[in-house]
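Participant: Please read through the structure below; I'll follow up with questions.
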Amino acid sequence: MNTVKSLLGGIALSVTLATSALAAGVDVNASSTGLAMQGYDPVAYFNAGEATKGSYKVTATHDDATYWFATEENKALFEATPDAYIPAYGGYCAFGAAMGFKFDGDPHQWKIVDDVLYLNLSKDIQERWSTDIPGFIEKADVNWDEIVDAEPAELLQ
Numbered sequence: 009m010n011t012v013k014s015l016l017g018g019i020a021l022s023v024t025l026a027t028s029a030l031a032a033g034v035d036v037n038a039s040s041t042g043l044a045m046q047g048y049d050p051v052a053y054f055n056a057g058e059a060t061k062g063s064y065k066v067t068a069t070h071d072d073a074t075y076w077f078a079t080e081e082n083k084a085l086f087e088a089t090p091d092a093y094i095p096a097y098g099g100y101c102a103f104g105a106a107m108g109f110k111f112d113g114d115p116h117q118w119k120i121v122d123d124v125l126y127l128n129l130s131k132d133i134q135e136r137w138s139t140d141i142p143g144f145i146e147k148a149d150v151n152w153d154e155i156v157d158a159e160p161a162e163l164l165q
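The sequence shown begins at 9 in the working numbering and counts up by one.
Below you can see the structure in the form of structure tokens.
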């Protein structure tokens, strides 16, 4: 029985190490497997004007994060200039970044400002952020330099 437990423990550790090697860094809001934006297509916000779920069959990787796309054309646009499509603050909530925190960005709570995609945590937070978008972007830009390398949980302490 101890041999089985040791074997299972070793397998669990191997899987953990393998998946963490695939995952994006703390500067990108991604799942433990490295999926960014909950699988939503970052290019579609710009050319379709709406949150569009991508396909696990049409993917690209940038900075160790995996992005899904609705079309091969969107994937090609992303691969040509990924920084033009990646959401600000690594896909974390823009209002949260302005407050010095890293909260999940909801792909359905978004806005493009000056050709940059911003995500927010919730509809209520998006409404609050909308009361002073330029001011909150300015605060978030300053804070991001300080929090970019921090784990989200560290910032809550």
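Ideal placement from N, C-alpha and C gives every residue a C-beta, glycine not left out.
What you are looking at is a predicted structure, and each value in this text was computed from that prediction instead of being measured.
For the stretch 80-131, list the alpha helix (DSSP H) runs that are entirely contained and at least 4 residues long, ordered along the chain.
Facilitator: 80-88, 102-106
Participant: Buried or exposed for residue 155, going by 16 or more other Cβ atoms inside 10 Å?
Facilitator: Stepping through the sequence shown from its first residue, residue 155 is reached at position 147. Classification for residue 155: buried.
Participant: Could you check the C-alpha separation between residue 67 and residue 129 for me, to the nearest Å?
Facilitator: Counted from its first residue, the sequence shown places residue 67 at position 59. Counted from its first residue, the sequence shown places residue 129 at position 121. Each residue's Cα considered, the two are about 24 Å apart.
Participant: Would residue 44 and residue 73 be called neighbours here (beta carbons separated by less than 8 Å)?
Facilitator: The residue you call residue 44 lines up with position 36 of the sequence shown. The residue you call residue 73 lines up with position 65 of the sequence shown. Yes; because the gap between Cβ atoms is below 8 Å, this pair is in contact.
Participant: For residue 30, which residues of its own chain have a beta-carbon under 7 Å away from its beta-carbon, when the five flanking residues on both sides are left out?
Facilitator: For the purposes of this step, residue 30 is identified with residue 22 of the sequence shown, where counting begins at 1. Since pLDDT at residue 30 reaches only 47, below the 50 mark, its modelled position is unreliable, and the value read off the structure follows with that caveat. 41, 42, listed in sequence order.
Participant: Smallest Cα separation from residue 32: which of 104, 99, 93, 61?
Facilitator: Within the sequence shown, the letter at position 24 stands for residue 32. Closest by alpha carbon: 99.
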